[in-house]
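Everything on this sheet refers to the single structure shown next.
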């Protein structure tokens, strides 16, 4: 096959890719992507994972290390099968917060720290450089294979110049389609579709070569299995430690590789695509790995010893004279290399421009922040970054001289980007993770990786001297790059994997535990970790096309039905529309936002309309504004709560007062009811007997008898009214006290004489101790005597002893005098003792003498007014009352 | 003193349950003069026993009684098949007891103070005279 033909085919293929990307880009701009946004395209674009390393290198890997190459497919398969746990969250966050790269994700999560963004960018660039070099190398090698296989007079191209041309070509293609315009979401539909096409070419090419090997060279499946059994592939046996390490490493890489993040998260159009990809992508990987072993085995068998197994995919068809098939295989490998380089350089350029160039630019020219020329600055920064990334790749290729095996370089790159893992996982699942922890982890991991894996990859004596390899850094043997802390027997890769990630994770955890996240960090941490809680689902709004109905529904929810409707109707009238739904013009949206702001706050209103209109991004500043509004609302509600608590207290006090009033009202009703009874009872007798007397015709003795009853009942009425008035005066505290010195003995004498009118027929034996009564008390003598009369009369009334006796004993103590009245009757039942001082608390009517039951209540009121008390003394044999009065009552302040 | 003015062969029996002696005396006088046989009980707790023993044709029952209230006595009377239909007139000195008395099954209700003519007319109408 002529080499020129190969170049022409290559160019045609590139032109074809150009056309695909161009057409799709045009359709995307017109909003007509249709099936191009399908899960199929998404899944195929994920095949960016399979680079030239996979396309060519897997066979070489199998030829050298047997089935170990499968670990590179197992890792991603596990991640995608378990997509629900991590990838879903990653994609949701990426879509919700318009994440533009993995550096952006880490930086936003830890409080929009640009330091972190820069660190991740540096790690990504450093780790990607050998990987890009690897792609260039594979293209150069494949060209070389064709050139050497076709000695048709054309000199085989110089590998160095081939690499330059390839790098320049890729840079041009990437710049043309990767930086055509600035999309808020950093999506590149044209390139993604071109990548999907290349994915198909890769798969078809590899399957075609595989099918040719199995059915063209060998005699079908049975024969090939027999050949595999017979082959002496070096490491058929599985090394569990290395396998587990490689599976883990490739699983981590599929998440953290910048290009994977780009197609998986940034270019994702629909979260649902992920569910499809969760089985379709592993299926793709399985197909890609299906014929690796047969090709390796047959290649080892057929091709001359010393042939580079990395090129078996090309050299086998060439050796068998299958020029067309070799061409297809070449295009497959070319696709693998170019797609990786394109996407990787776009992803890296985005990081470099967003986290390095733009912050620097803004720092140097703060005035530019407001200007429009930032767009062109960003685009130019990206273009330069893409060129720089490819230049770096070429530089690495040039320096390393394309010596190392493809797979080894790939794994070193994997391990480099894997350093992002602790910060990423911690950021997504641990709210306590902090910026300082992330920085510490990343720096630690990066340094350890560089020292144990990246720098040694240049070979002993290149960057690290032989002495460092043999004796360790500064002669410290525990710092030997491939035997840290004396771990000598480990596989170098596993050694680097173990130490870099372990130390990284430890530094990350320690840093996070020792520091406290700032406010933005806490906000972002909560938002990222709890992204599935209370968040809205993926939006379906296409750009600039918002349904007025949706706006109305939202407005009604916030403003209320009536107000929302009238707002929409008036806007529709102003637009000259008949219906009540206005067009979502910018003017109307502004008006609506202003209305919503009044209810939910400006930031929230803006975010809500942005969500529906689907064009503006929700930035950290927006979120902060929402948060501060929420804080105000919370403060306000705290105030409301405080006020409510106060109201509750007031209500409680009111309720208590009300209960008291109700109680008083009940007491008043009961009191009035009692008074009514006490008044009506004598009036009934008076009325009845006065009617009888009026009718005449009665014997004189009856007239006298009934006349006396009328007289007694009238007196009873008078006494009742007197008592009531007395009680009322005493209870109101309006009583006038006539204070003066009075002899206690005289007062008792007076009282005994007066009380004799009560049941005068009974003769009482009175026991007194006259010397003790020889006291002068400063008090209101009339009132105190009234109390004595009451108590003595009660004794005369109720003492039921056959020979009634009353003992009056006086005692003085501490400025007070106590006078006890104790009779020898039955006394008052225990359960009634607390009632006797209440109004109308007449216990029994058996011995009533016309009292209304107010006597003791009046006594109590009098004693309160006199600064003393009256109490019942239980357990004295008979009824016993104790009066306590102050010896010298001073006039109370009026 | 009781005289059968309207010629009944046997004067009808009124049991008066009232703790105020003067009121009891007045009612006894008024009814006796009209030809009724009147017996008197002052203690609420003895009233039911007294009804059972005396088998009166009519009971005049005071509301506020020592021992057992008039309402309780009335409820007990209405619960007993023998006295369920016994005509009962309740007396009360408090204004708001009418409803409770009627619910408890009183046939008539009188507030104190009453006129003699009034109580006489009520007793007569209760006994269908």
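Residue numbers (my numbering), protein chains in the order written: chain A, 1063 to 1956; chain B, -8 to 120. Think of the CB as a built atom: it goes at the ideal place given N, C-alpha and C, for glycine as much as any other residue.
- With respect to the C-alpha of residue 1927 of chain A, the residue from A:1799, A:1111, A:1348 having the closest C-alpha is A:1799.
- If you check the CB distance, residue 1863 of chain A and residue 1886 of chain A come in under 8 Å.
- Between the region 1399 to 1408 of chain A and the region 1153 to 1160 of chain A, the count of Cβ pairs shorter than 8 Å is below three; the stretches do not touch.
- For residue 1890 of chain A, no CB of chain B lies under 8 Å from its own CB, so it is not counted at the interface with that chain.
- In this structure the region 1409 to 1421 of chain A lies against the region 1182 to 1190 of chain A, because at least three pairs of beta carbons, one per stretch, are closer than 8 Å.
- Under the 10 Å beta carbon count, residue 1703 of chain A is surrounded by fewer than 16 other beta carbons and is classified as exposed.
- Taking a C-beta cut-off of 7 Å against chain A, the contacting residues of the region 55 to 76 of chain B are 55, 57, listed in chain order.
- Segment contact: the region 1338 to 1357 of chain A against the region 1501 to 1521 of chain A, fewer than three CB-CB distances shorter than 8 Å; contact not assigned.
- Residue 1945 of chain A has A:1881, A:1932 as its beta-bridge partners, per DSSP.
- Taking residue 1890 of chain A as reference, the option from A:1848, A:1872, A:1931, A:1943 with the minimal CA-CA separation is A:1943.
- The Cβ atoms of residue 1137 of chain A and residue 1312 of chain A sit closer than 8 Å to each other.
- 8 Å or more divides the Cβ of residue 1573 of chain A from the Cβ of residue 1510 of chain A.
- Residue 1426 of chain A counts as exposed, since fewer than 16 other C-beta atoms from the protein chains shown sit within 10 angstroms of its C-beta.
- From the listed residues A:1113, A:1104, A:1712, A:1877, the smallest Cα separation to residue 1399 of chain A is found for A:1113.
- For residue 1804 of chain A, the pairing in a beta bridge is given by DSSP as A:1839.
- In chain order, 1743, 1744, 1746, 1747, 1907 make up the part of chain A whose C-beta sits under 9 Å from the C-beta of residue 11 of chain B.
- Put simply, the CB of residue 1773 of chain A is far from chain B, with every gap to its CB atoms at 8 Å or more.
- By the rule that beta-carbons nearer than 8 Å mark a contact, residue 1751 of chain A touches chain B.
- Partner residues in the beta bridge of residue 1874 of chain A, as assigned by DSSP, are A:1879.
- Proximity of residue 104 of chain B to chain A, defined by a Cβ-Cβ separation below 8 Å, is satisfied.
- Among the residues of chain B, none has a CB under 7 Å from the CB of residue 1728 of chain A; the nearest is roughly 13 Å distant.
- In the structure shown, the three-state DSSP call for residue 1365 of chain A is coil.
- When A:1380, A:1370, A:1286, A:1403 are compared, the shortest CA-CA separation from residue 1359 of chain A is found for A:1286.
- For residue 1843 of chain A, the CB contacts under 7 Å within the same chain, skipping 5 residues up- and downstream, are 1802, 1804, 1809 in chain order.
- Taken in chain order, the whole alpha helix (DSSP H) runs of length 4 or more contained in the region 1292 to 1333 of chain A are 1302 to 1318, 1320 to 1323.
- Note on geometry: alpha-carbon atoms of residue 1236 of chain A and residue 1309 of chain A lie some 31 Å from one another.
- For residue 1161 of chain A, DSSP assigns no beta-bridge partner whatsoever.
- For the C-beta of residue 1754 of chain A, the chain B residues within less than 8 Å are, from N- to C-terminus, 17, 20, 21, 107.
- Of all C-beta pairs linking the region 1742 to 1754 of chain A to the region 5 to 21 of chain B, three or more are shorter than 8 Å, placing the two stretches in contact.
- Taking a contact to require three or more Cβ pairs closer than 8 Å, the region 1616 to 1633 of chain A and the region 1585 to 1594 of chain A do not qualify as touching.
- Close to residue 14 of chain B, with beta-carbon spacing below 8 Å, are these residues of chain A in chain order: 1743, 1746, 1747, 1750.
- Bridge partners of residue 102 of chain B according to DSSP: B:83.
- Counting other Cβ atoms within 10 Å of its Cβ, residue 1707 of chain A stays below 16 and is therefore classed as exposed.
- Taking C-alpha positions only, residue 1189 of chain A is separated from residue 1484 of chain A by approximately 17 Å.
- Look at residue 1823 of chain A here: in three-state DSSP terms it is coil, with no helix or strand label.
- Taking the C-beta atoms as reference points, residue 1858 of chain A is found nearer than 8 Å to residue 1824 of chain A.
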